[in-house]
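Report on one structure; see the data block that follows.
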Amino acid sequence: MNTKPNILFTATLNSPFIQEDLRMLRSHYNVIEVISSGWRPFITYLKYLRNVNITFSWFASVYSSILVFFTKFFSVKSILILGGVDVAKEKKYNYGIWNSWWKSKLVRYGITHADIVLAVDDSLKHEAIRLAHYDGANISVVPTGYDSKRWMPEGKKQQFVLSVGSVSDLPRLKAKGLDILFDIATHMSDVSFVVIGLAERLRQQLVIPANVRCLPVLPQEELLHYYQTAKVYCQLSRREGLPNALCEAMLCSCIPVGSNKFGIPYAIGDTGFLVDIEDRDEIAQTIRSALAATEETGMRARQRIIDHFPLARREESLRAVIESLLQ
């Protein structure tokens with residue numbers, strides 16, 4: 004007889020890190036997956052809520068917040084994951100769900116009424132408390148985890164700088180700091196840069212330096228090749244959670260250069276370089292220092308991710324949280 008608890012797993016996008024959580028949960032529980040947007044998910048939520056024990060939702064959104072509201076009528080426990088954009092309110096470049104007056108009200112409800120909120124970095128916990136105006140008693144920090152056997156160094160490093168992120172509009176470009184990277188590249192014409200994830204439509208609106216090669220979002224197998232060949236990985240974000248691409252690149256022994264924002268310093272630790280994104284000269288000099296660093300520096304970066312963000316630790320933490328709600 005199958006006595007595994009039933010979990011309703013929801014999201015509005017199908018990213019690899021979301022699929023990783025889905026895979027982990029399916030190895031222990033009966034999981035119903037609803038990864039969709041539009042109006043249909045709300046009907047689907049109501050269809051399944053009477054038969055599940057827990058809801059598990061990636062990102063605080065209109066969808067997940069309404070689902071939290073629904074759970075109260077079915078005596079179902081709820082888990083909400085904070086990833087970064089869901090606790091962003093950058094009016095200057097219109098980034099983050101909290102810029103919308105009505106969406107922010109829904110998200111505030113979702114965060115404050117979910118049984119458990121799991122932030123991937125401590126900085127996001129503090130942002131949620133600040134924006135939602137509450138004590139954050141239901142928030143814990145559980146970092147994302149990374150597979151060190153999948154993301155492995157191989158072959159000889161080449162002298163170029165890599166940056167990865169799915170960017171389809173100007174607000175997200177600003178959040179990811181790609182405008183800063185392009186500006187830096189303009190003044191480092193002797194250095195090659197590769198940017199992966201920039202949408203073609205957006206590329207046509209930008210003036211991109213000649214020494215920057217832009218590629219669309221790539222399958223993970225192709226992305227691995229770039230991680231393995233790049234000497235330096237650059238993450239100049241203004242807003243972040245715990246950057247997945249940065250951690251994957253570090254596992255492939257890229258030497259990290261990152262802004263001193265949100266989860267980036269915790270990811271890098273003392274294994275790479277942190278910069279002030281307002282100081283362009285410092286960034287350029289730091290990138291050159293990273294390109295000149297030894298291979299040992301890259302291997303130290305890999306070891307930090309292995310030590311601090313193993314996939315097994317996230318799996319154990321998620322199971323512990325779920326089991327606590329089932330008691």
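Counting in the numbering used here, the sequence shown tops out at residue 330, every number present.
Every residue gets a Cβ at the ideal spot worked out from N, C-alpha and C, and that includes glycine.
A quick note: this is a predicted structure, and the numbers were derived from the prediction, not measured.
Please report the distance separating the alpha-carbon of V164 from that of I187.
11 Å
State the beta-bridge partners of I258 as determined by DSSP.
V235
Span separating the alpha-carbon of D150 from that of V144
Cα to Cα, D150 sits roughly 19 Å from V144.
Measure the alpha-carbon distance for M191 versus V197 and round it to whole angstroms.
13 Å
Check for me: the beta strand (DSSP E) holding E122 runs from which residue to which?
For clarity, residue 122 is Ala in the given sequence; the question names Glu instead. Unbroken beta strand (DSSP E) run through A122: 119-122.
Near D41, what residues of its chain come up, given a Cβ to Cβ distance below 8 Å and the 5 sequence neighbours on each side ignored?
One detail in the question is off: residue 41 reads as Gly in this sequence, not Asp. Excluding sequence neighbours, G41 sits near nothing in its chain.
So who's on the other strand from Y98, going by DSSP bridges?
E93
Could you say if the region 272-281 and the region 100-108 meet the contact criterion of at least three C-beta pairs nearer than 8 Å?
The region 272-281, when compared against the region 100-108, does not touch it at the 8 Å Cβ threshold.
So which of D118, F45, A296, Q162 has the shortest CA-CA distance to S78?
D118
Proximity below 9 Å, CB of L85 to CB of L121:
yes
Count the other CB atoms within 10 Å of the CB of A323; is the residue buried (16 or more) or exposed (fewer)?
exposed
Rounded to whole angstroms, what is the Cα-Cα separation between A315 and V210?
43 Å
For V90 and Y137, I'd like the C-alpha separation in whole angstroms.
14 Å
Excluding the five sequence neighbours on either side, which residues of its own chain have a C-beta within less than 8 Å of the C-beta of I21, listed in chain order?
A14, I38, W61
Could you please give the first and the last residue of the uninterrupted beta strand (DSSP E) stretch that includes G87?
G87 -> no beta strand (DSSP E), and no H or E assigned at all.
From M27, V194, M302, pick the residue whose C-alpha is nearest to that of N214; which is it?
The shortest CA-to-CA distance from N214 to any of M27, V194, M302 is the one to V194.
Going straight from the alpha carbon of E319 to that of T147, what length do you get?
About 12 Å.
Within its chain, find whatever has a CB closer than 8 Å to the CB of I10; leave out the 5 residues flanking it on each side and keep chain order.
Hits under 8 Å: L28, Y32, N33, V34, I35, V55, N56, I57, T58, F59, I325.
List the endpoints of the continuous beta strand (DSSP E) containing E36.
33-38 is the extent of the beta strand (DSSP E) around E36.
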